[in-house]
Amino acid sequence: MATVVDSTASEERARAVARRRRGRRDTRAALLFISPWIVGFLVFHAWPVLYSAYLSLTDYDVINDPNFVGLDNYRRLFEDEKIALALGNTFFYAAIQVPLYIVVSLGLAMLLNQAGRAAGFFRTAFYLPNMTPPVAVGVLLLLVFNGQNGLINEVLGFFGIDGPNWTTDQTWIKPAIILTSLWSVGSSVIILLAALRNVPQELYDAARVDGANAWQRTVRITIPMISGALFFVFIVNSIAAFQTFTEAYTAFFGSGNTTYSNDAALFYVIYLFQQAFEFLNMGYASAMAWVLFVIILIITLVQLKVSKRFVYLEGEQR
Numbered sequence: 001m002a003t004v005v006d007s008t009a010s011e012e013r014a015r016a017v018a019r020r021r022r023g024r025r026d027t028r029a030a031l032l033f034i035s036p037w038i039v040g041f042l043v044f045h046a047w048p049v050l051y052s053a054y055l056s057l058t059d060y061d062v063i064n065d066p067n068f069v070g071l072d073n074y075r076r077l078f079e080d081e082k083i084a085l086a087l088g089n090t091f092f093y094a095a096i097q098v099p100l101y102i103v104v105s106l107g108l109a110m111l112l113n114q115a116g117r118a119a120g121f122f123r124t125a126f127y128l129p130n131m132t133p134p135v136a137v138g139v140l141l142l143l144v145f146n147g148q149n150g151l152i153n154e155v156l157g158f159f160g161i162d163g164p165n166w167t168t169d170q171t172w173i174k175p176a177i178i179l180t181s182l183w184s185v186g187s188s189v190i191i192l193l194a195a196l197r198n199v200p201q202e203l204y205d206a207a208r209v210d211g212a213n214a215w216q217r218t219v220r221i222t223i224p225m226i227s228g229a230l231f232f233v234f235i236v237n238s239i240a241a242f243q244t245f246t247e248a249y250t251a252f253f254g255s256g257n258t259t260y261s262n263d264a265a266l267f268y269v270i271y272l273f274q275q276a277f278e279f280l281n282m283g284y285a286s287a288m289a290w291v292l293f294v295i296i297l298i299i300t301l302v303q304l305k306v307s308k309r310f311v312y313l314e315g316e317q318r
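Residue numbers (the UniProt record's numbering): 1 to 318.
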């Protein structure tokens, strides 16, 4: 009996050793296959991030060697009036653009959900503007929102409305940039459409039997059932809004035109870019970048915390 037990134990140990060896072999193979990504991540992402943290503690103009100055760059942020201006513009843009972007995306997705056989064509039509280079969108902003002969003011004039000077009036510059950002709602429309297609039709049928109208079905069924996709779109676009750069820079800074004040279009990342590549204050720009990182991190963590109360995940116990 003891011999049989010892033999069984030996076989179990041998199988365990074989499993560990097979596991290590599989792990090495997996690491080998993903090693190009690991190297690329370390060289092009992790190292620049860590090095920028060091640069934020230095006075560095790209030409000369970095000179360590401690927290002077961060203290300078509180004394720079343009930091407050750029942050104010950025927060204003994000507070208006993100909700408007989601409302438009959801409205188009709901219309597209009723398109039937034509849905494939409209999916492509809505997504195509996302393929437009951001620089071209910045030029489009100047053409469409031109105060004298732009398309928007031409349409308003048809209805007897005297349109504003969108690109020169400080009051209307940010609304023009916000409206231009809706050019690229296509990607969010596709995401929300996929979520809408997964809402069980039985829920709508039961709601109709109970006498719910279209608005009640939207509020009580559609939005809760796609809240996960809505939250994803909200998070992604919030982060993108705080990093808005190309369209505004192309339209109001890229040409070097200083005839009109462009303070209303001075977003945080634009000012960061100017400090880094126009004024060569790379250390100061690195400090600005880390402050932006912390701001986005805090906002994202708050959104994740709040989402636990509003986001419905199928199968999750409440």
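No residue lacks a Cβ here, since even glycine has one placed at the ideal position from N, Cα and C.
Roughly how many angstroms lie between the CA atoms of Ile-190 and Ala-109, to the nearest whole one? Translated into positions along the sequence shown, residue 190 becomes position 190. Translated into positions along the sequence shown, residue 109 becomes position 109. Approximately 7 Å between the Cα atoms of the pair.
Round the Cβ separation of Ile-152 and Ala-265 to the nearest angstrom and send it over; I've been treating them as touching at under 8 Å. For the purposes of this step, residue 152 is identified with residue 152 of the sequence shown, where counting begins at 1. For the purposes of this step, residue 265 is identified with residue 265 of the sequence shown, where counting begins at 1. So it is not a contact: roughly 17 Å between Cβ atoms.
Check the DSSP bridge columns for Thr-58 and list the partner residues they point to. Against the sequence shown, residue 58 aligns to sequence position 58. Phe-68, per the DSSP bridge assignment.
Measure the CB-CB distance between Asn-64 and Tyr-284 and report whether it falls below 8 Å. Residue numbering aside, residue 64 sits at position 64 when the sequence shown is read from its first letter. Residue numbering aside, residue 284 sits at position 284 when the sequence shown is read from its first letter. No; because the gap between Cβ atoms is not below 8 Å, this pair is not in contact.
Take every Cβ of the region 203-219, pair it with every Cβ of the region 115-125, and state whether three or more of those distances are shorter than 8 Å. no
Check whether the region 285-296 touches the region 211-219, counting contact only when three or more Cβ pairs, one atom from each stretch, lie closer than 8 Å. no
Simplified DSSP assignment, three categories, for Phe-310: Working through the sequence shown from its first residue, we reach residue 310 at position 310. Three-state result, Phe-310: helix.
With 16 other Cβ atoms within 10 Å as the buried cut-off, status of Ala-136: Counting from 1 along the sequence shown, the entry for residue 136 is found at position 136. The residue in question, Ala-136, is exposed, as its Cβ has fewer than 16 Cβ neighbours within 10 Å.
Mapping the DSSP letters down to three states, classify Ile-63 as helix, strand or coil. By one-based count along the sequence shown, residue 63 stands at place 63. Reduced to three states, the DSSP call for Ile-63 is coil.
Where Gln-114 sits in the DSSP three-state scheme: Within the sequence shown, the letter at position 114 stands for residue 114. It is coil, neither helix nor strand.
Environment of Phe-310 [buried if 16+ CB atoms lie within 10 Å]: Taking the first residue of the sequence shown as position 1, residue 310 is located at position 310. The residue in question, Phe-310, is exposed, as its Cβ has fewer than 16 Cβ neighbours within 10 Å.
Between Phe-92 and Lys-174, is the Cβ-Cβ spacing less than 8 Å? To locate residue 92, count along the sequence shown from 1; it is residue 92. To locate residue 174, count along the sequence shown from 1; it is residue 174. Yes, the pair counts as a contact, with Cβ atoms nearer than the cut-off.
Helix or strand or just coil, what does DSSP make of Thr-259? For the purposes of this step, residue 259 is identified with residue 259 of the sequence shown, where counting begins at 1. Below a pLDDT of 50, predicted positions are generally treated as unreliable, and Thr-259, at 49, falls in that range; no measurement from the model is reported.
Please state the DSSP three-state secondary structure of Thr-244. Within the sequence shown, the letter at position 244 stands for residue 244. Here Thr-244 sits in coil by DSSP.
For Lys-305, which of Phe-41, Ile-235, Gln-97 has the nearest alpha-carbon? Here residue 305 refers to the residue found at position 305 when the sequence shown is read from its first residue. The residue with the shortest Cα to Cα distance from Lys-305 is Ile-235.
Determine the contact status of Leu-87 and Tyr-249, defining contact as a CB-CB distance below 8 Å. For this step, residue 87 is matched to residue 87 along the sequence shown. For this step, residue 249 is matched to residue 249 along the sequence shown. No, the Cβ-Cβ distance between Leu-87 and Tyr-249 is not below 8 Å.
Report yes if the CB atom of Leu-142 is closer than 8 Å to the CB atom of Thr-168, and no otherwise. Walking along the sequence shown from the start, residue 142 turns up at place 142. Walking along the sequence shown from the start, residue 168 turns up at place 168. No; because the gap between Cβ atoms is not below 8 Å, this pair is not in contact.
I need the straight-line Cα distance from Gly-138 to Val-185, nearest angstrom please. One-based indexing of the sequence shown puts residue 138 at position 138. One-based indexing of the sequence shown puts residue 185 at position 185. Roughly 16 Å separates the two Cα atoms.
Below 7 Å CB to CB, which residues in the same chain sit around Ser-105 once its five sequence neighbours on both sides are set aside? Position 105 of the sequence shown, counting from 1, holds the residue named residue 105. Once the five neighbours on either side are set aside, the close Cβ partners of Ser-105 are Val-185, Ser-188, Val-189, Leu-192, Val-233.
State buried or exposed for Asn-67, treating a residue as buried only when at least 16 other CB atoms are found within 10 Å of its CB. Looking up residue 67 in the sequence shown gives position 67. Asn-67 should be labelled exposed.
Restricting to runs no shorter than 3 residues, where is the beta strand (DSSP E) found entirely within the region 129-155? none
Looking at the secondary structure, which residues open and close the alpha helix (DSSP H) in which Glu-202 lies? The residue labelled residue 202 in the question sits at position 202 within the sequence shown. Looking at the DSSP string, the run of the alpha helix (DSSP H) that includes Glu-202 is 201-209.
My understanding is that Thr-171 touches Val-199, with C-beta atoms under 8 Å, so please give their C-beta distance in whole angstroms. Looking up residue 171 in the sequence shown gives position 171. Looking up residue 199 in the sequence shown gives position 199. With 8 Å as the limit, Thr-171 and Val-199 do not qualify as a contact, their Cβ atoms being about 41 Å apart.
Tell me which same chain residues have a C-beta within less than 7 Å of the C-beta of Met-282, skipping the five on either side of it? Translated into the one-based positions of the sequence shown, residue 282 becomes position 282. Within the same chain, Met-282 has close Cβ partners Leu-55, Tyr-60, Asp-61, Val-62, Ala-276.
On the premise that Ile-296 lies in contact with Phe-242, defined as a C-beta separation below 8 Å, what is that separation, rounded to the nearest angstrom? Looking up residue 242 in the sequence shown gives position 242. Looking up residue 296 in the sequence shown gives position 296. That belief holds up - the Cβ atoms of Phe-242 and Ile-296 are roughly 5 Å apart, short of 8 Å.
Pull up the distance between the alpha-carbon of Trp-183 and that of Gly-40, whole angstroms please. To locate residue 183, count along the sequence shown from 1; it is residue 183. To locate residue 40, count along the sequence shown from 1; it is residue 40. Whole-angstrom Cα-Cα distance: 32 Å.
Euclidean distance between Cα positions of Ile-226 and Arg-197: By 1-based counting over the sequence shown, the position of residue 226 is 226. By 1-based counting over the sequence shown, the position of residue 197 is 197. Cα to Cα, Ile-226 sits roughly 10 Å from Arg-197.
If we count the other Cβ atoms within 10 Å of its Cβ and call it buried at 16 or more, is Phe-145 buried or exposed? By one-based count along the sequence shown, residue 145 stands at place 145. Burial call: buried.
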